[in-house]
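Student:
There are 2 protein chains.
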Amino acid sequence: MTARSTNTGEGSGAQDPHRDIPEATVARLPVYLRALTSLAERNIASCSSEELATAAGVNSAKLRKDLSYLGSYGTRGVGYDVDYLSYQIAREIGVTHDWPVIIVGIGNLGQALANFSGFSSRGFRTVALLDAAEQMQGRTVAGLEVRPFADLAEIVAAEQVSIGVISVPATAAQDVADAMVEAGISSILNFAPAVLNVPPGVDVRKVDLSIELQILAYHESRKAAEADETVDNGSEEGITA
Amino acid sequence: MTARSTNTGEGSGAQDPHRDIPEATVARLPVYLRALTSLAERNIASCSSEELATAAGVNSAKLRKDLSYLGSYGTRGVGYDVDYLSYQIAREIGVTHDWPVIIVGIGNLGQALANFSGFSSRGFRTVALLDAAEQMQGRTVAGLEVRPFADLAEIVAAEQVSIGVISVPATAAQDVADAMVEAGISSILNFAPAVLNVPPGVDVRKVDLSIELQILAYHESRKAAEADETVDNGSEEGITA
DNA sequence: CGGAGTTTGTGACCACGAGAACAAACTCGC
DNA sequence: GCGAGTTTGTTCTCGTGGTCACAAACTCCG
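Heads up: the sequence lines are chains A and B, in that order.
At position 199 of the first sequence the residue is numbered 199 (full-length UniProt numbering), and the sequence of numbers has no breaks.
At position 55 of the second sequence the residue is numbered 55 (full-length UniProt numbering), and the sequence of numbers has no breaks.
1) Check the C-beta distance from ALA112 of chain A over to LEU109 of chain B and give it rounded, since I have them as a contact under 8 Å.
2) By Cβ distance below 8 Å, which residues in the same chain neighbour ALA157 of chain B in space, the five residues on each side in sequence not counted?
3) When the distance is taken between beta carbons, is ASP98 of chain B closer than 7 Å to GLY123 of chain B?
4) Quick one: Cα of VAL95 of chain B to Cα of GLN135 of chain A, how far?
5) Based on the DSSP output, what are the partners of GLU154 of chain A in its beta bridges?
6) Name the one or two DSSP bridge partners that LYS206 of chain B has.
7) Do you know whose CA, among A:GLY201, A:PRO169, A:GLN214, A:ASP203, lies nearest SER162 of chain B's CA?
8) List the endpoints of the continuous alpha helix (DSSP H) containing ARG50 of chain A.
9) Would you verify that the beta carbon of ASP203 of chain B is, or is not, closer than 7 Å to some beta carbon of chain A?
10) DSSP three-state label for GLY74 of chain A, please.
11) Compute the Euclidean distance between the alpha carbons of ARG76 of chain B and ARG64 of chain B, then round it to the nearest angstrom.
12) Answer with buried or exposed for ALA44 of chain A, where buried requires no fewer than 16 other C-beta atoms within 10 angstroms of its C-beta.
13) Going by C-alpha distance, which of A:ARG205, A:GLU51, A:ARG42, A:ALA227 is nearest ALA192 of chain A?
14) Which term fits ASN190 of chain A, buried or exposed, when burial requires 16 or more other beta carbons within 10 angstroms of its beta carbon?
15) Starting from the Cα of ILE188 of chain A, find the closest Cα among A:ILE106, A:PRO169, A:THR140, A:VAL165 and give me that residue.
16) Please report whether the beta-carbon of PRO100 of chain A lies at a distance below 7 Å from any beta-carbon of chain B.
17) Look at the alpha carbon of LEU85 of chain B and the alpha carbon of ALA194 of chain B, and state the distance between them as a whole number of angstroms.
18) Going by DSSP in three states, SER46 of chain A sits in which element: helix, strand or coil?
19) Apply the 10 Å Cβ neighbour rule to PRO200 of chain A and answer buried if 16 or more other Cβ atoms are within range, or exposed otherwise.
20) GLU236 of chain A to ARG222 of chain A, Cα distance in whole Å?
21) Can you give me the C-alpha to C-alpha distance between LEU152 of chain A and ALA132 of chain A, rounded to a whole angstrom?
22) Taking C-alpha atoms, which residue in B:TYR32, B:LEU70, B:ALA40 lies nearest to LEU52 of chain B?
23) What first and last residue would you give for the alpha helix (DSSP H) that runs through THR171 of chain A?
24) Tell me whether the beta-carbon of ALA173 of chain B lies closer than 7 Å to the beta-carbon of ALA142 of chain B.
25) Starting from LEU65 of chain A, find everything on chain B with Cβ-Cβ shorter than 9 Å and list it in chain order.
26) Taking Cβ-Cβ distances below 8 Å as the criterion, which residues of the region 48-76 of chain B are in contact with chain A?
27) Please decide whether ASN115 of chain B counts as near chain A, where near means a Cβ-Cβ distance under 7 Å.
28) Can you check which of these residues, A:ALA227, A:ARG28, A:GLU220, is closest to LYS62 of chain A by C-alpha distance?
29) Got a sec: is the Cβ-Cβ distance from GLY143 of chain B to anything in chain A below 7 Å?
30) What are the start and end residues of the beta strand (DSSP E) that includes ALA128 of chain A?
31) Among residues of its own chain, excluding the 5 on either side of ASP208 of chain B, which ones have a beta-carbon nearer than 6 Å to its beta-carbon?
32) Enumerate in chain order the residues of its own chain whose CB-to-CB distance from GLU92 of chain A is below 8 Å, with the five nearest sequence positions on each side excluded.
33) Listed in chain order, which residues of the region 137-162 of chain B have Cβ atoms closer than 7 Å to some Cβ of chain A?
34) Output, in chain order, the set of chain A residues within a Cβ distance shorter than 8 Å of PRO22 of chain B.
35) Should VAL202 of chain A be labelled buried (16 or more other beta-carbon atoms within 10 Å of its own) or exposed?
36) What first and last residue would you give for the alpha helix (DSSP H) that runs through ILE89 of chain B?
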């Protein structure tokens, strides 16, 4: 799915300009960044890996290993400087400058996304809201005017948009994705419950609400089944030996 | 080798109650179920692992391996019966009956979730919307009246709710989670950008919109960096112009 | 200045998951 | 009835990721 191109394979030292950071680590870096921001807001200037790990909800060893992929930004015996580490993570992720984002599909979910403050506060700027429906045209959502879907290519080119959000019904999702790729967008965040087919080089991340609920339901079912069987044994997490 | 696989030659009788299905497989089962539903809507009665795999966007070998954890529900040389396999997956996940769900936090996102048809169509039934804000009380969203947060325990007990959705601001998320656990909820879907602390036995799944965007931004940054360096080699990222 | 205490960075090890390859089992045509 | 073709179920192998444990390095204090 994700097009991981040529592995440069050189060195694997900690200070290389292009290191291959594991995908699992990349997924956690934003969590660390948020925890660091929270610490900074409380005027905490430095912290240990243990403190930061608990704030982020992970193991301290895992956190240290994750940070070591970025370089050696801590001081042994002391810990990490909050501001310095924040900047280094932000720089690594690439959120030191703002990313223009376009949202296609201004239904209930699209409107919620447009109003979501977490986007703008985290290095993302919603530059346009698009919808194909006639009755949506001209309406103002979150301070932006809803524009016709046909304007996609023009806006993407004018605003240098590389990230697109899809919040349309599943039946339209593939068409929107195709148009986005055609317009030059190379990263898509897909909220539609559909499998998107995109050419290599385009990254797609999927957020699927009903799948998340079904995963929870599976675990609930197992909990209920185990509770029924082992009524005298109250350990829910018991691993069958 | 803990896989208990080849036994239980009997058909749809009492099956092995605890199979340990890998977490990665559990996360894909809803995708397969959706693909099967789509096939059924097109009146396709049976399919091969290859067809189902492409419809679900995965490898066929991985799909067969995933399905093998549930049992042997296919026929060699033929494929899978769509309806039969659908039922088996739904039964394994536990969505053959409806799960009552409660949503706390009826802001923009909470309203979108309440209106989201994917919940109700997939074995989930939103039984109550809760919000602590005074001005939300009595308003009707998606056909349900918004009720005060203080009613949480009462509703959970009355409706046998075991799944809760949190769509409140980050600062309130932990309090809501605590109240949910206290009320008896054992699975939480958290949309708030905060790390939740819950006792063992309670499952939490996190959907974090800004983290998803940041992961995309990281890959975008790398793409841009690589494009800058290897200007002469444009083969890997070729976008059809 | 040196030792004790503390914390980071990393090497080693183990578990899980992805993918390829192959045997088992079923259907179809003759 | 039987061989050819097809498709599932399973085994094997390899890469990725998580955890532990410890050396390296820094501070503090006498």
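Ideal placement from N, C-alpha and C gives every residue a C-beta, glycine not left out.
Tutor: The answer reads as follows:
1) Along the first sequence, read from residue 1 onward, the residue named residue 112 of chain A stands at position 112. Along the second sequence, read from residue 1 onward, the residue named residue 109 of chain B stands at position 109. Yes, ALA112 of chain A and LEU109 of chain B are in contact; Cβ-Cβ is about 4 Å, under 8 Å.
2) Looking up residue 157 of chain B in the second sequence gives position 157. Counting only Cβ-Cβ distances below 8 Å, and skipping sequence neighbours, we find ALA183, GLY184.
3) Position 123 of the second sequence, counted from the start, is the residue given in the question as residue 123 of chain B. Position 98 of the second sequence, counted from the start, is the residue given in the question as residue 98 of chain B. In contact: GLY123 of chain B and ASP98 of chain B (Cβ atoms closer than 7 Å).
4) The count along the second sequence starts at 1 and reaches residue 95 of chain B at position 95. The count along the first sequence starts at 1 and reaches residue 135 of chain A at position 135. Each residue's CA atom was taken as its position, placing VAL95 of chain B and GLN135 of chain A some 36 Å apart.
5) Taking the first sequence and counting its residues from 1, one reaches residue 154 of chain A at position 154. Its beta-bridge partners do not exist; DSSP assigns none.
6) In the second sequence, residue 206 of chain B corresponds to position 206, counting from 1. Looking at the DSSP output, LYS206 of chain B sits in a beta bridge with B:ASN190.
7) For the purposes of this step, residue 162 of chain B is taken as residue 162 along the second sequence, with counting starting at 1. Nearest in C-alpha terms to SER162 of chain B, of all of A:GLY201, A:PRO169, A:GLN214, A:ASP203, is A:GLN214.
8) Stepping through the first sequence from its first residue, residue 50 of chain A is reached at position 50. One point to set straight first is that residue 50 of chain A is Glu, not Arg, in the sequence displayed. That run of the alpha helix (DSSP H) goes 49-56.
9) The count along the second sequence starts at 1 and reaches residue 203 of chain B at position 203. For ASP203 of chain B, the closest Cβ of chain A is nearer than 7 Å.
10) One-based indexing of the first sequence puts residue 74 of chain A at position 74. Strand.
11) Here residue 76 of chain B refers to the residue found at position 76 when the second sequence is read from its first residue. Here residue 64 of chain B refers to the residue found at position 64 when the second sequence is read from its first residue. Computed Cα separation, rounded: 11 Å.
12) One-based indexing of the first sequence puts residue 44 of chain A at position 44. The sequence as given places Ile at residue 44 of chain A; Ala does not occur at that position. It counts as exposed.
13) For the purposes of this step, residue 192 of chain A is taken as the residue at position 192 of the first sequence. It is A:ARG205.
14) Within the first sequence, residue 190 of chain A is the residue found at index 190, counting from 1. Classification of ASN190 of chain A: buried, given that the 10 Å Cβ count is 16 or more.
15) Sequence index remark: in the first sequence, residue 188 of chain A carries index 188 (1-based). Ranked by Cα distance from ILE188 of chain A, the first of A:ILE106, A:PRO169, A:THR140, A:VAL165 is A:VAL165.
16) By 1-based counting over the first sequence, the position of residue 100 of chain A is 100. By this cut-off, PRO100 of chain A is not an interface position.
17) Residue mapping note: residue 85 of chain B aligns to position 85 of the second sequence, counting from 1. Residue mapping note: residue 194 of chain B aligns to position 194 of the second sequence, counting from 1. Each residue's alpha carbon lies about 38 Å from the other.
18) For the purposes of this step, residue 46 of chain A is identified with residue 46 of the first sequence, where counting begins at 1. SER46 of chain A falls in the strand class under three-state DSSP.
19) Within the first sequence, residue 200 of chain A is the residue found at index 200, counting from 1. By the neighbour-count rule (16 or more Cβ atoms within 10 Å), PRO200 of chain A is not buried but exposed.
20) Counting from one through the first sequence, the residue named residue 236 of chain A turns up at place 236. Counting from one through the first sequence, the residue named residue 222 of chain A turns up at place 222. Only weak support is given to the placement of GLU236 of chain A: the predicted model assigns it a pLDDT of 45, under 50, and the value that follows is read from those uncertain coordinates. Taking the straight line joining both Cα atoms gives about 9 Å.
21) Here residue 152 of chain A is taken as the residue at index 152 of the first sequence, counted from 1. Here residue 132 of chain A is taken as the residue at index 132 of the first sequence, counted from 1. Approximately 11 Å, taken between the alpha carbons.
22) Working through the second sequence from its first residue, we reach residue 52 of chain B at position 52. Looking at the Cα atoms, B:TYR32 is the closest of the given residues.
23) Position 171 of the first sequence, counting from 1, holds the residue named residue 171 of chain A. It spans 170-183 - the alpha helix (DSSP H) in which THR171 of chain A sits, taken as one unbroken run.
24) On the second sequence, position 173 is the one that residue 173 of chain B refers to. On the second sequence, position 142 is the one that residue 142 of chain B refers to. Not in contact: ALA173 of chain B and ALA142 of chain B (Cβ atoms no closer than 7 Å).
25) Here the question's residue 65 of chain A lines up with position 65 in the first sequence. It is worth fixing the name first, because residue 65 of chain A is Lys in this sequence and not Leu. Ordered by position in chain B, no residue passes the 9 Å Cβ test against LYS65 of chain A, which lies about 18 Å from the chain.
26) Those residues of the region 48-76 of chain B that come within reach of chain A (Cβ to Cβ, closer than 8 Å) are ALA55, ALA56, GLY57.
27) As a first step, residue 115 of chain B is located in the second sequence; it is residue number 115 there, counting from the start. For ASN115 of chain B, a Cβ of chain A is located within less than 7 Å of the residue's own Cβ.
28) As a first step, residue 62 of chain A is located in the first sequence; it is residue number 62 there, counting from the start. The shortest Cα separation from LYS62 of chain A among A:ALA227, A:ARG28, A:GLU220 belongs to A:ARG28.
29) Walking along the second sequence from the start, residue 143 of chain B turns up at place 143. Chain A, which has no Cβ nearer than 7 Å to the Cβ of GLY143 of chain B, makes this no.
30) As a first step, residue 128 of chain A must be located in the first sequence, where it is residue number 128. The continuous beta strand (DSSP E) containing ALA128 of chain A extends over residues 124-131.
31) On the second sequence, residue 208 of chain B is found 208 positions in, with the first residue counted as 1. Closer than 6 Å at Cβ, skipping near neighbours: PRO193.
32) Translated into the one-based positions of the first sequence, residue 92 of chain A becomes position 92. Cβ within range, chain order: ILE21, LEU29, LEU70.
33) Under the 7 Å Cβ criterion, the region 137-162 of chain B contributes SER162.
34) Against the second sequence, residue 22 of chain B aligns to sequence position 22. Going along chain A, no residue has its Cβ under 8 Å from PRO22 of chain B, so there is no contact; the nearest lies around 12 Å.
35) Looking up residue 202 of chain A in the first sequence gives position 202. With 16 or more other CB atoms across the displayed protein chains lying within 10 angstroms of its CB, VAL202 of chain A is buried.
36) Locating residue 89 of chain B in the second sequence gives position 89, where the first residue counts as 1. Where ILE89 of chain B is concerned, the enclosing alpha helix (DSSP H) stretches over 82-93.
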